[in-house]
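Residue numbers (the working numbering), protein chains in the order written: chain E, 145 to 384; chain V, 6 to 468. Built from N, CA and C at the ideal position, the CB exists for glycine as well. Down below is the structure, laid out as structure tokens.
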Amino acid sequence: MRIALFVPCHVDLLRPGAARAAARVLRRLGHEVRVPEGQTCCGQPALNAGYFRDFACLARRLLDLLDRDEPDAVVAPSGSCVAALRVTGPRHLGLSHPLLDRLYEFSEFLTRVLGVTDVGARFPGTVTWHDGCHALRGLRIREGPRRLLRAVRGLTLVEMEEPDECCGFGGTFAVKMPEVSAALGERKARAVAASGAAYVSATEPSCLVQIEGVLRRRGSAVRAVHLAEILASGEGGDGG
Amino acid sequence: MGRASPFRRRARRALGNPVLARNVLRATDTSLAHRREVVAERPDWEDLRERAAALRRHTLARLDRYLREFAENARARGVQVHAARDARAAARLVSELARRKGATRILKAKSMATEEIELNAALARRGFRPLETDLGEYIVQLAGERPSHLTAPALHRSAEEIRDLFLREGVIREGTALPRDRRALARRLSLSARETLRSRLLEADLGVTGANFLVAETGTVVLVENEGNIRFTTTTPPVVVAVAGIDKVIPRLADLGILLPLLTRSATGQRAAAGVSLLSGGPGERHVVLLDNGRTRMLADPEDREILACIRCGACLNTCPVYRSVGGHAYGWIYPGPIGALLAPLLRGRGEDWELPFASTLCGACAEICPVKIPLHEHLLRLRARAARAGRRGIGERIGFRAFRFLAGREDRFRLAARLARRMEGPLLRLGLLAAWTAAREAPRMARPAFHEMRGDHGPAAS
Numbered sequence: 145m146r147i148a149l150f151v152p153c154h155v156d157l158l159r160p161g162a163a164r165a166a167a168r169v170l171r172r173l174g175h176e177v178r179v180p181e182g183q184t185c186c187g188q189p190a191l192n193a194g195y196f197r198d199f200a201c202l203a204r205r206l207l208d209l210l211d212r213d214e215p216d217a218v219v220a221p222s223g224s225c226v227a228a229l230r231v232t233g234p235r236h237l238g239l240s241h242p243l244l245d246r247l248y249e250f251s252e253f254l255t256r257v258l259g260v261t262d263v264g265a266r267f268p269g270t271v272t273w274h275d276g277c278h279a280l281r282g283l284r285i286r287e288g289p290r291r292l293l294r295a296v297r298g299l300t301l302v303e304m305e306e307p308d309e310c311c312g313f314g315g316t317f318a319v320k321m322p323e324v325s326a327a328l329g330e331r332k333a334r335a336v337a338a339s340g341a342a343y344v345s346a347t348e349p350s351c352l353v354q355i356e357g358v359l360r361r362r363g364s365a366v367r368a369v370h371l372a373e374i375l376a377s378g379e380g381g382d383g384g
Numbered sequence: 006m007g008r009a010s011p012f013r014r015r016a017r018r019a020l021g022n023p024v025l026a027r028n029v030l031r032a033t034d035t036s037l038a039h040r041r042e043v044v045a046e047r048p049d050w051e052d053l054r055e056r057a058a059a060l061r062r063h064t065l066a067r068l069d070r071y072l073r074e075f076a077e078n079a080r081a082r083g084v085q086v087h088a089a090r091d092a093r094a095a096a097r098l099v100s101e102l103a104r105r106k107g108a109t110r111i112l113k114a115k116s117m118a119t120e121e122i123e124l125n126a127a128l129a130r131r132g133f134r135p136l137e138t139d140l141g142e143y144i145v146q147l148a149g150e151r152p153s154h155l156t157a158p159a160l161h162r163s164a165e166e167i168r169d170l171f172l173r174e175g176v177i178r179e180g181t182a183l184p185r186d187r188r189a190l191a192r193r194l195s196l197s198a199r200e201t202l203r204s205r206l207l208e209a210d211l212g213v214t215g216a217n218f219l220v221a222e223t224g225t226v227v228l229v230e231n232e233g234n235i236r237f238t239t240t241t242p243p244v245v246v247a248v249a250g251i252d253k254v255i256p257r258l259a260d261l262g263i264l265l266p267l268l269t270r271s272a273t274g275q276r277a278a279a280g281v282s283l284l285s286g287g288p289g290e291r292h293v294v295l296l297d298n299g300r301t302r303m304l305a306d307p308e309d310r311e312i313l314a315c316i317r318c319g320a321c322l323n324t325c326p327v328y329r330s331v332g333g334h335a336y337g338w339i340y341p342g343p344i345g346a347l348l349a350p351l352l353r354g355r356g357e358d359w360e361l362p363f364a365s366t367l368c369g370a371c372a373e374i375c376p377v378k379i380p381l382h383e384h385l386l387r388l389r390a391r392a393a394r395a396g397r398r399g400i401g402e403r404i405g406f407r408a409f410r411f412l413a414g415r416e417d418r419f420r421l422a423a424r425l426a427r428r429m430e431g432p433l434l435r436l437g438l439l440a441a442w443t444a445a446r447e448a449p450r451m452a453r454p455a456f457h458e459m460r461g462d463h464g465p466a467a468s
């Protein structure tokens, strides 16, 4: 398949390893991966804050750009950006674009479109999974990432308490209501720590920023890794 | 920190109270656990939700007709039906009734509508002090507080706090031996409250209730309870008045077959409530006050109307990570949590109420649990947009997002801004200017290189 990789701005600037890893996994599965030039931001922060027109403007720009070579699919290592474009935008401001039917979050593309569960990765360690809200409730992604993780050699998946409770990031909420956001993050970090896992993973980079931020402040040794980084690791690579 | 917004200030106070935080989390966890159990018993749960949502939609689309039908049928049974345009009119109707009847002993059942119209304050201005007969309401009344939850008014209080309150207020005599165990203590406290309340339940001049539902076809007021206090409130006084929002109307008695199981299972995790009163007329004098107070305005907007489908079960509060952290008082009005963050701006509409739609991570847990399938988080986002459009978020924010759109509108501008931000990140952190983030969390560091700066096999250039 000809796949265009959608690299959300927070992935580009904060967690580039996730984009590199996603590209590597898809290429290893035999697909052609391109990174369309000119990508900036999908506008999700504006959407989240209620500035729909600013969002729509950026969203349309990005969708046009991603669709320029008419790829078979566009894949992003972020559930929230995909949900903003594919679910929330259409519902709230009638956003429509021919690309939306071919736009996927990374794990759902693997499990639902390619029908893959074993990508040949090896990642020794205990991992606990955090369900990002937009992936979970917007895109209905719950079992897919867990199946992918269970198929990774050397990896043990352990569930934390309430893996589907919000980590407290919430976009602009994280800085507009920092105390509440941090309290939610604390609860998530406690659940992660109590699971006994050495790694916490998610398909949402912004959740990882929040969870990692709290874990590091608590002096925890638990590391936050993006799903793609786990799936890219193994014989063929360095884990991104 | 500068001047924090009202919600943020109240939330901060709540977060600084570890007893409150523990109480709220423990109580909501318990409700959710019970709910999970009894919902699992109903394989038709999703079907029930779907039918309830359709029923509520149908009713709200024809509310004027069903309201008329309710009023006619209630009047036919001798009930005096009053319409109140706003909170003040409703409170005046009830306190006028109390004055006319010379009601010195007033019993009150738990009711959000009477909280909404601040009835107790209105009665107090005329020298009446009604007795709250619901245990939770009784506790918050003694403490001089307002309810912090739709179905569990004193949920933020621990048994130990209630013990101290009861000792101070003489509900329990000083020196009484009390159990140490929390559960045993809670049982003992509710018994003490019952003893104190019971004698006062037997003689009263006026009973005031809310309503869970108003049945149009029969003119019936439906009240759901667990403590038996509503039975007293509606039977011992010769005069009883129910205050209910106009959104409480349902077409037929049979609709209770859908709504009651959803309500009790969602609210408290009970298969059925201990008692359901169906009051159609009565032996004594019966009044119903139909409260508008902004609801007609909400009805006029097809999207706002959807929110009126709420049956006040409180499940969205229990599951909301924000409510679970800060409790109900942080929201600043009697309707807290996700549903409160919609009702406060739409019904009351003070400037500070318009902050509440932003007091959410939009995680969507509320919509997932709602028994009548209100997409609460979508409405929260919609109200954010309404607040932004109305300029309630300040000119700085509006310009900020416009500037962001300008920068992100072209790659070169966006890259330049990102490089600048990366250059400034260290100094900003050192100067403590990112405290909103860093007060409780480590800041993420911007990557060097960013993905678009990578070269080689796995960077953007590779194909």
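Where residue i falls: helix, strand or coil (DSSP)
i	result
E:R273	Just to set this straight, residue 273 of chain E is Trp in the shown sequence, not Arg. Of the three classes helix, strand and coil, the one that applies to E:W273 here is strand, per DSSP.
V:P243	coil
V:K113	strand
E:T261	coil
E:V366	coil
E:A165	helix
V:G280	strand
V:H63	helix
V:P11	helix
E:G383	Its pLDDT being 43, under 50, E:G383 is placed unreliably in this model, and the value from its coordinates should be taken loosely. E:G383: coil per DSSP, three-state reduction.
E:P152	coil
Heavy atom of the ligand ATP within 7 Å of residue i beta-carbon
i	result
V:I374	Annotation note on the ligand ATP: not contained in the displayed structure, which lists no ligands.
Interface flag, residue i vs chain E, CB-CB below 8 Å
i	result
V:T366	yes
V:V327	yes
V:L351	no
V:H332	Per the sequence presented here, residue 332 of chain V reads as Gly, with His not at that position. Judged by the 8 Å Cβ criterion, V:G332 is not in contact with chain E.
V:A423	yes
V:W338	no
V:M451	yes
V:R407	yes
Interface flag, residue i vs chain V, CB-CB below 8 Å
i	result
E:V358	yes
E:H175	no
E:P322	yes
E:L202	yes
E:A254	Rather than Ala, the amino acid found at residue 254 of chain E in this sequence is Leu. Chain V, which has no Cβ nearer than 8 Å to the Cβ of E:L254, makes this no.
E:G340	no
E:T184	yes
E:P289	no
E:F317	yes
E:H236	yes
E:F196	yes
Inter-residue Cα distance where the pair is residue i and residue j
i	j	result
V:H334	E:C185	37 Å
V:T239	V:S285	11 Å
E:A148	E:C311	29 Å
E:R204	V:F456	22 Å
E:A200	V:D309	23 Å
E:V177	E:R256	18 Å
V:T119	V:H292	14 Å
V:R427	V:D417	15 Å
V:D210	V:S100	13 Å
V:R205	V:A129	19 Å
E:V296	E:C153	28 Å
V:P326	V:L207	42 Å
Spatially closest choice to residue i from the options, by CA coordinates
i	options	result
E:R286	E:G223, E:F317, E:F267	E:G223
E:L158	V:T241, V:A445, V:R424, V:N231	V:R424
V:D306	V:L388, V:G289, V:E101, V:P454	V:L388
V:R61	V:R403, V:I404, V:D252	V:D252
E:L371	E:F313, E:R294, E:L328	E:R294
E:D245	E:L229, E:E323, E:M145, E:T316	E:L229
V:V176	V:L140, V:A26, V:I404, V:R93	V:L140
V:A94	V:V248, V:T324, V:D358	V:V248
Unbroken stretches of the alpha helix (DSSP H), 4 residues or longer, contained in the region 293-337 of chain V: 300-305, 307-312, 320-324, 326-331
Continuous beta strand (DSSP E) assignments of at least 3 residues falling wholly in the region 20-88 of chain V: As summarised for the region 20-88 of chain V, there are no continuous beta strand (DSSP E) elements at least 3 residues long confined to that stretch.
Restricting to runs no shorter than 4 residues, where is the alpha helix (DSSP H) found entirely within the region 84-168 of chain V? 92-105, 117-121, 124-130, 140-147
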